[in-house]
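Step one of this worksheet: look at the structure below.
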Amino acid sequence: MSNPLLSKVNDLIKKYHLEAFKDVAVFMIILLAFHVFWKIFVSNILAVDFITNSANWLAGVVFEQAKWFFEITGMNVVPFDKLTVFNSMHDNVFFVPSTNGYVYVNLSCSGLKQFYQWFFLMMLFPGPWKHKLWFIPVGLIIIHIVNVFRIIGMVVVTMNIPDHWDFMHDYVARPFFYVVMFLLWVWWNEKIHLKLKNKV
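Per my numbering, the sequence shown starts with residue 63, numbered consecutively.
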């Protein structure tokens, strides 16, 4: 038996051609729900050895790839696998001599949360499973590449405009992840999901 309220909502969506807005709303609800879930349970999540080890490993990969970029470009950045800064030991540290600044690639910079976010978004969002099998890994690779360049960007900020580091980190670099996820989702929704749905 169908839900009368749900039927009315669907009728309104069809009447006013709001299908695209419905899909965007579903995207935002899934992403926001996961973000809230992660925020509430982050200490429990990171208590799982597999997740913490994965985040540490991934942070190391991001660090090594960003380090390679700085090496081939000859930028004045000194990488440290481990470094004591302000009486605290840190892993994966970029030191910028020109401003005496540091950028740490820690667990929260690993991109693991965004990996899980993307995975669950695609698992829950409608679409053909045979295409999800290749689209999810493609999305993960793109998110990882974006994260590497995000770290590179934050080091460049440390070199050139260190006073704006917090703003660039919190309001530019971090939200950019979600811009990329949205664009990937639009690609999925417009070019794969709806295209195949309209063929049926």
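The beta carbon of each residue, even a glycine, is placed where N, CA and C say it ideally should be. This one's a predicted model, so the numbers in the text were calculated from it and none came from an experiment.
Residue i: first and last residue of the uninterrupted beta strand (DSSP E) it sits in
{"i": "ASN251", "result": "ASN251 -> no beta strand (DSSP E), and no H or E assigned at all."}
Residues that residue i bridges to, as DSSP identifies them
{"i": "THR146", "result": "MET151"}
{"i": "TYR164", "result": "PHE157"}
{"i": "PRO141", "result": "PHE156"}
Under 9 Å between C-beta atoms of residue i and residue j
{"i": "PHE142", "j": "VAL155", "result": "yes"}
{"i": "VAL208", "j": "CYS171", "result": "no"}
{"i": "GLN179", "j": "HIS97", "result": "yes"}
{"i": "PHE131", "j": "ILE203", "result": "no"}
{"i": "MET243", "j": "GLY201", "result": "yes"}
{"i": "LEU92", "j": "PRO190", "result": "Here residue 92 is Ile; the residue named in the question, Leu, does not match the sequence. Against a cut-off of 9 Å, the Cβ pair of PRO190 and ILE92 comes out as no contact."}
Residue span of the alpha helix (DSSP H) that contains residue i, given as start and end
{"i": "SER172", "result": "No alpha helix (DSSP H) contains SER172, which DSSP labels as neither H nor E."}
{"i": "GLY201", "result": "191-222"}
Three-state secondary structure assigned by DSSP to residue i
{"i": "ALA128", "result": "helix"}
{"i": "ALA87", "result": "helix"}
{"i": "VAL234", "result": "helix"}
{"i": "VAL110", "result": "coil"}
{"i": "ILE102", "result": "helix"}
{"i": "PHE239", "result": "helix"}
{"i": "PHE187", "result": "coil"}
{"i": "GLY122", "result": "helix"}
Supposed contact pair residue j and residue i - C-beta distance, whole angstroms, cut 8 Å
{"i": "TYR164", "j": "VAL147", "result": "6 Å"}
{"i": "PHE181", "j": "ILE198", "result": "6 Å"}
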